[in-house]
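Residue numbers (our numbering): -1 to 359.
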Ligand code: DP6
């Protein structure tokens, strides 16, 4: 499928009004997306676990309107109007208008809420843009009921990508790959696809406990962060490494080789931060407690041989990853040894999920 497939020909149906509601999860990258070209084209391929409980729920009530010259929408976040979010949606609508030519036909009442605490440092752009894109595709499906599931989900991921790159990995599947790679069939820079190769059962129920080390606003916005890769002295080597890591992960995912999995995942996390530390301007997004946690995890793994590891996003929080058969002991370890390094002792237990779901009512 290509971008051309996402340009609708005509619609057979224009309902007066309607209502759609979707819940879309967050995701955590194992091979990181860091660096992009216009418009939202990743510099390298990435792969992520889809999460389950960290999610955004969005509903859209839509009503036909007279004026078809402008976009018209209201935006409510957790029940209250949120004006400062509107420009983001306006920009998103402008970006996707060609692909959703009904956007000026309706007035939209958009309501959204997150399952995770506000300003927990967990990025809501992935789940938020994915949930919004699912709603818009659901509306398009009402205008064009013939659309098949393959197009529906690929286009939802395509739209989500135009909102926020990593959002395209929050649409469908438990392990999702995004970015063209010569050895991955049907891989695309335009949208995410469920990982197409064999995946061992151990990864189907992997756990992710998110340690909230620092709940403040992100120090570096993702746009600024990605831009730091332009002219970065290590950029080309880094991009190649991501391609190679996707190759290396193929037998690891198939066999469930956790030692090799851990090496790649932790290296990817530290490389992401190394890129930030070596860019101009440079940033350190880890906090002292991030390092305390990493060292505790290494010590615990060495002593117990339990395959627990960490990954990081572009901030200080730590994602603790482990197979579900070790859940009980690892949760005890987290509670006794790691929670002390979290802001207000807070962490969120999550695990691998399946992607976005429609909510009825
Ligand atoms: C570090 O998807 O937030 O989480 O495309 O600018 O919205 P934009 O960036 P975003 O970047 C995510 C970067 C990351 C790694 C990843 O999720 O792959």
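Glycine included, every Cβ here is placed at the ideal spot set by N, Cα and C.
In the same chain as residue 248, and ignoring 5 residues on each side of it, the C-beta atoms closer than 6 Å to its own belong to 195, in chain order.
The beta-bridge partner set that DSSP reports for residue 32 is empty. With fewer than 16 neighbouring CB atoms inside 10 Å of its own CB, residue 228 falls in the exposed class. Judged by beta-carbon spacing, residue 225 lies beyond the 8 Å limit of residue 39, meaning their Cβ atoms are not closer than that value. 283 is the residue among 183, 283, 257 whose C-alpha sits nearest the C-alpha of residue 268. Around the beta-carbon of residue 175, 16 or more other beta-carbon atoms lie within 10 Å, marking it buried.
The way I'd put it, the segment 89 to 102 does touch the segment 0 to 11; three or more beta-carbon pairs between them come closer than 8 Å. Ranked by Cα distance from residue 53, the first of 353, 359, 256 is 353. Of the candidates 204, 336, 166, 184, 166 places its Cα closest to the Cα of residue 154.
Per DSSP, the unbroken beta strand (DSSP E) holding residue 105 starts and ends at 104 to 112.
Rounded to whole angstroms, residue 111 and residue 56 show a C-alpha spacing of 7 Å. The continuous beta strand (DSSP E) containing residue 48 extends over residues 44 to 62. Taking a cut-off of 8 Å for Cβ pairs, the segment 257 to 273 and the segment 19 to 34 touch, as three or more such pairs fall below it.
Straight-line spacing of the CA atoms in residue 335 and residue 207 works out to 13 Å.
Residue pairing by DSSP places residue 78 opposite 75 in a beta bridge.
Non-local beta-carbon contacts of residue 34 in its own chain, meaning distances under 7 Å to residues more than five positions away in sequence, involve 40, 41, 163, 224 in chain order. In the three-state scheme derived from DSSP, where H, G and I count as helix and E and B as strand, residue 5 is classed as coil.
A distance below 8 Å separates the beta carbons of residue 341 and residue 213.
A direct Cα-Cα distance of roughly 14 Å separates residue 135 from residue 170.
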